[in-house]
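Below you'll find the structure, written out as structure tokens, and then a few comments.
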Amino acid sequence: MISEASIQKLAITYPVLRELPPLLIRNIQQTSYELVAHAGQILFDLGEDCDYVPLLKSGSIRVVKPFPTGWEMLLYRVLPGQVCILTVTCLLSSWKHIARVAVEEDLKAVSIPRESFSRLIEASSDFRGFVFSNYSISLFSMLNCVEVVLTQPIEQRLAKVLLEKR
């Protein structure tokens, strides 16, 4: 359970929550919990069940597709005010997770369980629109990543990474 103060702070980062009816806000408060995670911690791994969606108050998440070779492809990042669309997809479809979701910067979040998140999607067109807007942003990010991989020589990508890490 989260406090009234916590939900008010969360609504600063997620303004769509201000539009929700009191009954839905109460449901979030009663069923959700505070989540604190440190950089490097895995929230969801490939093949795991999804039983909650984190709404970030601070920090960031990296969503990567791991390969058997040990190489990982960054799909997108999740920042406060956004949702992880692959986690949402897995949660709503009951699929196993298809990526690794790792904490990039120490985070504080509110974890909304499957039933409450589904209720939000069903009952609020504003919240549903917010989630679909996040789908668009993340899909664009993933398509951009694919374009870079397919159109830029590996030498050029490697040089860019090395210069960034210098």
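Numbering follows my numbering, in which position 111 of the sequence shown is assigned residue number 155; successive positions increment by one, without gaps. Even glycine gets a Cβ: it sits at the ideal position worked out from N, Cα and C. Predicted model only: the values in this text are computed from it and were never measured.
| query | result |
| --- | --- |
| By DSSP, does D170 sit in helix, in strand, or in coil? | helix |
| Does the pairing of the region 147-160 with the region 78-87 give three or more beta-carbon distances under 8 Å? | yes |
| Quick check on the burial criterion: 16 or more other C-beta atoms within 10 angstroms. Buried or exposed for T131? | buried |
| Among Y179, V80, S137, which one has its Cα closest to the Cα of D95? | S137 |
| Measure the alpha-carbon distance for T75 versus I46 and round it to whole angstroms. | 8 Å |
| Determine the closest residue to T57 out of L100, G91, Q73, N71, with distance taken between C-alpha atoms. | L100 |
| Measuring only the C-alpha atoms, how far is A212 from I198? | This structure gives no information on residue 212, because the portion of the chain shown stretches from 45 to 210. |
| What are the start and end residues of each continuous alpha helix (DSSP H) run of 4 or more residues lying completely inside the region 146-191, in chain order? | 158-167 |
| For P98, is the classification buried or exposed, using 16 other Cβ atoms within 10 angstroms of its Cβ as the cut-off for buried? | buried |
| Taking V80 as part of the beta strand (DSSP E), name the residues at either end of that continuous run. | 77-81 |
| Please tell me whether V175 and G103 are closer than 8 Å, where the distance is taken between their beta carbons. | no |
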